[in-house]
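The structure appears right after this line, and notes come after that.
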Amino acid sequence: MEKYFSRFADAVSRWTGRPAAFALCILAVAGWAVSGPVFGFSETWQLIINTGTTIVTFLMVFLIQSTQNRDGAAVQAKLDELIRAGQAKNDFIGIEHLTETEVAEFREMCLRAKERSAKQAVAA
């Protein structure tokens, strides 16, 4: 089931990110707006666009979050492999799972190392 959902989420994300999808949405809103006088700008007429956009937004949040989570995890895995295979400290592998405070400590450590490197470069 997870594989099918991933494929579906990817396909929807790709399609909805295209200009044609945006144009279709513009046409739908324009069609709704033009139909206002026909329906007397009634509450039902307003409810149609409100309900439609709410449903689409609600569902798209989950699809977009799914693709973002997978993309983020893939980027982290690639970065971890570069760190593991290169000259960088292996301590950085998996830091995305740390707390905000722990990540801030890593950032401070990096800033101190940068400052030491800058001082060494000036002294040399």
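Numbering (the working numbering), first residue to last: 65 to 188. Heads up, the beta-carbon is just placed ideally off N, CA and C, and yes, glycines get one too.
Residue i burial status per 10 Å Cβ neighbour count (16 or more: buried)
{"i": "Ala-73", "result": "buried"}
Start and end residues, alpha helix (DSSP H) containing residue i
{"i": "Arg-134", "result": "107-149"}
{"i": "Asp-54", "result": "Missing from the structure shown is residue 54; the chain here goes from 65 to 188 and no further."}
{"i": "Pro-101", "result": "Where Pro-101 is concerned, there is no enclosing alpha helix (DSSP H), given that its DSSP letter is neither H nor E."}
{"i": "Lys-183", "result": "164-187"}
Residues near residue i by beta carbon distance below 7 Å, same chain, minus five either side
{"i": "Val-167", "result": "Ile-159"}
{"i": "Leu-175", "result": "none"}
{"i": "Lys-153", "result": "none"}
Close-in-space but distant-in-sequence residues of the same chain around residue i (CB under 6 Å, 5 per side omitted)
{"i": "Gln-140", "result": "Glu-160"}
{"i": "Phe-156", "result": "Ile-147"}
Contacts around residue i, its chain only, beta-carbon distance under 8 Å, and the 5 residues preceding and following it disregarded
{"i": "Val-93", "result": "Ile-113"}
Point to revise | Contact between the region 125-141 and the region 72-90 (3+ Cβ pairs under 8 Å) | key: At 8 Å Cβ cutoff, the stretches touch.
Exercise for review: May I ask you to verify whether the region 108-118 touches the region 168-178, counting CB pairs closer than 8 Å and requiring at least 3?
Suggested key: Contact between the region 108-118 and the region 168-178 is absent, because fewer than three Cβ pairs lie under 8 Å.
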